[in-house]
Structures are given as C-alpha cells and as structure tokens.
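Peer 1:
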Amino acid sequence: MSMLAEALVDLEAISTNVRTIASVTGTGLMAVVKANGFGHGAVQVARAALRAGAAWLGVTSTAEALSLREAGVTAPTLSWLHRPDDDFGMLIKGGVDIGVSTTTHLHAVADAARLLGAPAMVQLKADTGLSRNGAAGDDWPEMVGWARKYEREGGIRVRGVWSHLADADLPGAPALTRQVAIFEEALRIARSAGLDPDLVHLANSAAAFCAPETRFDLCRIGIALYGVDPFGASGPGEYGLRAAMTLRTSVVNVKRVPAGTGVSYGFEHVTSAPTTLALLPLGYADGLPRVAGGRASVWLGGRRCPIVGRIAMDQCVVDAGDLPVTIGDPVVVFGPAEGDHHPPTVVEWARWADTNPHEILTGIGARVARDHLDGRARNS
Numbered sequence: 206m207s208m209l210a211e212a213l214v215d216l217e218a219i220s221t222n223v224r225t226i227a228s229v230t231g232t233g234l235m236a237v238v239k240a241n242g243f244g245h246g247a248v249q250v251a252r253a254a255l256r257a258g259a260a261w262l263g264v265t266s267t268a269e270a271l272s273l274r275e276a277g278v279t280a281p282t283l284s285w286l287h288r289p290d291d292d293f294g295m296l297i298k299g300g301v302d303i304g305v306s307t308t309t310h311l312h313a314v315a316d317a318a319r320l321l322g323a324p325a326m327v328q329l330k331a332d333t334g335l336s337r338n339g340a341a342g343d344d345w346p347e348m349v350g351w352a353r354k355y356e357r358e359g360g361i362r363v364r365g366v367w368s369h370l371a372d373a374d375l376p377g378a379p380a381l382t383r384q385v386a387i388f389e390e391a392l393r394i395a396r397s398a399g400l401d402p403d404l405v406h407l408a409n410s411a412a413a414f415c416a417p418e419t420r421f422d423l424c425r426i427g428i429a430l431y432g433v434d435p436f437g438a439s440g441p442g443e444y445g446l447r448a449a450m451t452l453r454t455s456v457v458n459v460k461r462v463p464a465g466t467g468v469s470y471g472f473e474h475v476t477s478a479p480t481t482l483a484l485l486p487l488g489y490a491d492g493l494p495r496v497a498g499g500r501a502s503v504w505l506g507g508r509r510c511p512i513v514g515r516i517a518m519d520q521c522v523v524d525a526g527d528l529p530v531t532i533g534d535p536v537v538v539f540g541p542a543e544g545d546h547h548p549p550t551v552v553e554w555a556r557w558a559d560t561n562p563h564e565i566l567t568g569i570g571a572r573v574a575r576d577h578l579d580g581r582a583r584n585s
C-alpha cells in the first residue's frame, strides 16, 4: 500500500539510549511505552529496550498492557491509570502489576483477586506534590493500612511504592527537594505498617540524569528513551541521546508563483517575490500542529525551507525559493542530523507549536506508516 508519509523508527537508537541512561543511573530501568511507545510502536520499542537491558515496562492502561502480552512480551509491566470498575482480573491473569492510587481502587483490585483466586501484584502510588494521581495526606496511611490487611490475607502483594515528579527538568527546583522528602516519609509510613516493597521508584527521565537522590531502585524512562533530551536541547544534548524517529514525506505538487500570491486558507502568507511552492501531503490530521504554520520548516533539497500559510488537515505548503524542486523529491519533517543533513528536530517542532516533544511524537497520526529499522541504514 502506498503511504503519503512515514515515520522511520530506529530501534538501535532505542537500545543505545537504554544503555546510555543505565550507565548514568546505575539502577534498573523501566521503559515507558505508553501511548503506543510515544508514537514509535509500543511492542517494537519494548522489545528493543528489553534487549538492551531494561528490566520493566510502563504503560497507562489495561488495553496497553494486554496488547503487550498478546504480542508475546512477558517482561514485568506496570499499568497505572484505571477506573475502579476496570477488569483487574485480566491484568492479574496477565501477570501485570497494577498501580493503585486510591483506597477505592485497592478494594476493587482485592475483589478481583478474590474472585480469581490469585493474588494481585500492586504498586502503591503516593502523591508527593504533583496533585494528579496518587494518595496524599491522610489518604496515604489509610490506603497503606488496607494494603497491609489485604496482603496478610493473601489477596495482594505490594511489590512497589512510587510517585511522580512535577519539574525535574528544572535542576535545583525547590519542588524537587520537597517531593523527595514527602516521598521518603510516605515510604517510611508504608514500611512502618509492615509493607516491604521490592521496588521503590520516583525518577523520571530528567531526574534520572540530574537528581541521584531520586533514583532508588528503578528509574522510569519516558522521553529520553526516544532520544529527546529532557532538558530541552535540540540535539543529542549533554548525554548523547539518539533521536529514534524521522518523519519524512515527499513533494506531491510544485508550482512557480509570482510575488503577491496568497498561500493556503485565509491568505495569511503572501509571497514577497517570485518563488517555488512545494506541496506536502501532511497536515494536522497527521500530527503537524496547525499553530506551527508560518513558524516551522522542513528539510528539502539540502536546506531548511519554511512552511508558509496555514497547515491544513491533510497538507501544507513549503516555500522552496529558487530550488529546482520536482514532484517526488524527499522531505524530512523532523529527525536527527546526519552528515550534512540538518533537518529540524522534534524539539524545534515543539517550540514552534508552543508545546513539548511528547505531544509532537504522540500526535503523529495513524495515516503515517511506521517503518521500524533494526540495524538497517536510514535513508533521508
């Protein structure tokens, strides 16, 4: 089937990033493959990360966890965001650890284990200041107490205690110190209640690099796994991470236009001189943020060329100047620099769209084919 665009996913880059991060942290790593592996392909990324030494996988939902199991991925996996009426029995049967953030959820997991006649592996999440999921204040001792009761009865096993950081990408931020202190107190309460978790984890990608006090037994690696510097560097950054995704397409139409030509909806761009316009079959339905029109550029004909006018649902227009562009010419929307090729990076696209690289990567739509490269040369 002919595809209008493709995302090349370099699995060797994934593996390299795992090894690079592990050499810094000295701990076990959890490869976070939620949201279809940040748009890269959860199963393929999981296998590459595990081959490189990752010990755990992290996902958000039951569906994501079970899709890994259905693909034959049996590695330890934590799934952490659920409704209390979720089918926890499926996770228990699949050998998936269940992240628990409220007593309500804990009761539901224990009920499912009782019906199944098999214990559930749970990891209790404390809210240490992010104010999202996790138990905080008096809710934490209550949840811990129930967890210990269920554990004594054989219905659950508390394998882990964990939390999530708010701004670890800002080294030295006071909130980080406060969160570590709150987490250590939560851990003390859990142990005082008789729990003995095998895994204690707090660090995300940024903290894994810059905050040794957050590493504990395991670091959860999200954006860094995919080669994006968590501190905002456009390239490999201080740690030499390798970007895993290249988004590319080709020119589908070319026209030479005079000065004064309006481009795309609303004529927000009008050419100031005679120029060549190249049409790309990618738009906001494919993951190019509409707001990036007039800001972003792509790699075409050996240089960066700006996207002009509004990005539409299915297409966008590039001003190629006087380049001898023809239909079928390759275009790199974003990707790593290679030799003399310096296409925009996903970090730059995030800046053009006033967002983060996570949103750009996970926003690449289903119409974009994924081609997973494992030791094969990359073409750009």
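If you count by my numbering, then the sequence shown holds residues 206 to 585, one letter each, in order.
The C-beta atom is built at its ideal place from N, Cα and C for all residues, glycine as well.
(1) Is it true that the CB of P548 sits closer than 7 Å to the CB of L555?
(2) Mind reading off the beta-carbon distance from A236 to A251? Whole number of angstroms is fine, and I expect it under 8 Å.
(3) Return yes when the Cβ of V248 is within less than 7 Å of the Cβ of A449, no when it is not.
(4) Let me know the secondary structure DSSP gives T309 once reduced to three states.
(5) Can you tell me where the beta strand (DSSP E) with N458 in it begins and where it stops?
(6) Compute the beta-carbon to beta-carbon distance between I516 and L484, rounded to the nearest angstrom, for a pair I have assumed lies under 8 Å.
(7) Measuring CA to CA, which of S397, A253, R508 and V503 is closest to V523?
(8) So if DSSP puts K239 in a beta bridge, which residue, or which two residues, is it bridged to?
(9) My output table needs one value for S368: the three-state DSSP class, helix, strand or coil.
(10) Using beta-carbon positions only, say whether K239 and V264 come within less than 7 Å of one another.
(11) Start and end of the alpha helix (DSSP H) containing T152?
(12) Identify which residue in A268, R224 and S220 has its Cα closest to the Cα of N241.
(13) Measuring CB atoms only, is the region 423–431 touching the region 464–480, in the sense that at least three cross pairs come out at less than 8 Å?
(14) For the alpha helix (DSSP H) containing Q520, list its first residue and its last residue.
(15) May I have the straight-line CA-CA distance separating A567 from A210, to the nearest angstrom?
(16) Would A371 and G334 qualify as a contact pair, given that the criterion is a beta-carbon distance under 7 Å?
(17) Where H245 and P486 are concerned, what is the direct C-alpha to C-alpha distance, given to the nearest angstrom?
(18) Considering just the uninterrupted stretch of the alpha helix (DSSP H) at P346, what are its terminal residues?
(19) If contacts are defined as beta-carbon pairs under 8 Å, then A260 and L234 qualify, I think. What distance do you get, rounded to the angstrom?
(20) With DSSP collapsed to three states, give me the class of H563.
(21) Where does the unbroken beta strand (DSSP E) through W504 begin, and where does it stop?
(22) Leaving out five residues on either side along the sequence, give the residues of the same chain with a beta carbon under 6 Å from the beta carbon of G526.
(23) Decide if P402 is buried, meaning its Cβ has at least 16 other Cβ atoms within 10 Å, or exposed.
(24) For G334, does the three-state DSSP call read helix, strand or coil?
(25) DSSP three-state call for W261: helix, strand or coil?
(26) Tell me the DSSP bridge mates of F539?
(27) Considering only their Cβ atoms, is the gap separating D491 from G399 smaller than 7 Å?
(28) Indicate whether G544 and A218 have their beta-carbon atoms separated by less than 7 Å.
(29) Taking only the alpha-carbon atoms, compute the straight-line gap between G299 and R274 and give it to the nearest angstrom.
(30) Which residue wins for smallest C-alpha separation from P511, given the options V537, H406 and M518?
(31) DSSP three-state label for G231, please.
(32) Buried or exposed: where does Y355 fall if 16 or more other Cβ atoms within 10 Å of its Cβ makes it buried?
(33) Using the beta-carbon count (16 or more within 10 Å), is A582 buried or exposed?
(34) Straight-line CA distance for A340 to G304?
(35) If you draw a straight line from the C-alpha of R337 to the C-alpha of A558, how long is it?
(36) Kindly indicate which residue of T454, S220 and R420 has the alpha-carbon position closest to the one of R572.
Peer 2: In brief:
(1) According to the sequence provided, residue 555 is Ala. The question's Leu does not apply to it. Between A555 and P548, the C-beta spacing is not below 7 Å.
(2) The pair is a contact, with the Cβ atoms about 6 Å apart (cut-off 8 Å).
(3) No, they are not a contact pair.
(4) Helix at T309.
(5) Per DSSP, the continuous beta strand (DSSP E) segment holding N458 begins and ends at N458 to V462.
(6) The beta-carbon separation of I516 and L484, rounded to 12 Å, does not stay under the 8 Å limit for a contact.
(7) Minimum Cα distance to V523 is reached at V503.
(8) As DSSP reads the structure, K239 sits in no beta bridge.
(9) In the structure shown, S368 sits in coil (DSSP, three-state: anything other than H, G, I, E or B).
(10) By the CB criterion at 7 Å, K239 and V264 fall inside the cutoff.
(11) Beyond the ends of the chain as shown, which are 206 and 585, falls residue 152; an answer cannot be given.
(12) Per the Cα distances, A268.
(13) No, because fewer than three Cβ pairs between the region 423–431 and the region 464–480 fall closer than 8 Å, the two stretches do not touch.
(14) Where Q520 is concerned, there is no enclosing alpha helix (DSSP H), given that its DSSP letter is neither H nor E.
(15) The residue asked about is misnamed: residue 567 is Thr in this sequence, not Ala. Pairing T567 with A210, the inter-Cα distance amounts to about 16 Å.
(16) Their beta carbons are under 7 Å apart, which means A371 touches G334 by this criterion.
(17) H245 and P486: Cα-Cα distance of roughly 20 Å.
(18) Element bounds for P346: D344 to E358.
(19) Contact check for A260 and L234: beta-carbon distance about 6 Å, within the 8 Å limit, so the pair qualifies.
(20) Assigned with DSSP and collapsed to three states, H563 falls in helix.
(21) Start and end: S502 to L505.
(22) Counting only Cβ-Cβ distances below 6 Å, and skipping sequence neighbours, we find T480.
(23) It counts as buried.
(24) G334: coil per DSSP, three-state reduction.
(25) Residue state, collapsed to three classes: strand.
(26) BP columns for F539 point to L452.
(27) No.
(28) Contact: no.
(29) Approximately 7 Å, taken between the alpha carbons.
(30) Ranking V537, H406 and M518 by Cα distance to P511 puts V537 first.
(31) G231 falls in the coil class under three-state DSSP.
(32) Buried is the call here.
(33) No answer about A582 holds up, because its pLDDT of 43 lies below 50 and its placement is not dependable.
(34) Between the alpha carbons of A340 and G304 lies a distance of about 11 Å.
(35) Cα to Cα, R337 sits roughly 25 Å from A558.
(36) For R572, the closest C-alpha among the options T454, S220 and R420 is that of T454.
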